[in-house]
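Peer 1: To get the numbering used here, take the position in the sequence shown, counting from 1, and add 17.
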Amino acid sequence: MTKASANKGFTLIELLVVIAIIAILSACLMPALSSATDRARVTQCRSNLTHIAIGLRMYFNDQGAYPDELQRLTEAGFITDDSILLCTKTGVPYYYSQPTPDTPIDELIIACVAPDTPQGQRPHSYRNSFVGLQKGGKLLEVGR
18 MTKASANKGF TLIELLVVIA IIAILSACLM PALSSATDRA RVTQCRSNLT
68 HIAIGLRMYF NDQGAYPDEL QRLTEAGFIT DDSILLCTKT GVPYYYSQPT
118 PDTPIDELII ACVAPDTPQG QRPHSYRNSF VGLQKGGKLL EVGR
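(1) Which class does Q61 belong to by DSSP, given the choice of helix, strand or coil?
(2) Looking only at its chain, what residues have a beta carbon closer than 8 Å to the beta carbon of C129, apart from the 5 residues adjacent to it on each side?
(3) Is L29 helix, strand or coil by DSSP?
(4) Please go through the same chain and pick out, in chain order, the residues whose beta-carbon is closer than 7 Å to the beta-carbon of E31, but skip the five residues on each side of it.
(5) Within the same chain, show all residues whose beta-carbon is closer than 7 Å to that of C93, passing over the 5 residues directly before and after it, in chain order.
(6) Hey, how far is the Cα of R89 from the Cα of V159?
(7) For the beta strand (DSSP E) holding L103, just list the boundary residues, first then last.
(8) Excluding the 5 residues preceding and the 5 following R56 in the sequence, name in chain order all residues of the same chain whose CB lies nearer than 7 Å to its CB.
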């Protein structure tokens with residue numbers, strides 16, 4: 018066997034070094050991917066709340082009052098997809114507080130979680146915030 022044909026492969030050490038470098042690089046990317054995924058869920062929640070707001074306005078225009086629960090929007094045909102009524106991160110139904118004529122325009126009526134939820138239990142942005150909809154139709158991310 019000649020010297021040139023003996024050096025044609027990788028040694029075990031070289032292979033382990035390459036695997037270690039790939040592992041370190043992927044570990045560096047994980048926080049960025051997690052953050053991007055969470056921001057996508059926030060965007061989806063905002064989209065869902067926009068659809069719910071439109072459904073609430075149509076329901077109010079037809080019935081003269083807001084529904085007592087969000088499920089009434091699908092029963093009345095204003096929302097056709099039940100999954101819109103669920104938070105994209107937790108999968109639980111949105112918090113809903115039926116507004117009345119006396120409810121202030123800037124009060125949260127729909128959110129991923131109840132507005133008094135402690136900061137460590139909020140579903141978005143590393144559990145520091147939640148998306149909400151005010152009675153006046155303004156979307157906001159609370160606690161961010």
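All residues carry an ideal CB built from backbone N, CA and C; glycine is no exception.
Peer 2: Short version:
(1) Reduced to three states, the DSSP call for Q61 is helix.
(2) C62, C104, K106, T107, Y111, Y112, R139, P140, H141, F147, V148, G149
(3) Helix at L29.
(4) No residues qualify anywhere along the chain.
(5) Per the sequence presented here, residue 93 reads as Ala, with Cys not at that position. Cβ neighbours of A93 beyond the five flanking positions: Y76.
(6) Approximately 26 Å, taken between the alpha carbons.
(7) In this chain, L103 is not harboured by any beta strand (DSSP E), its DSSP state being neither H nor E.
(8) Contacts found: none.
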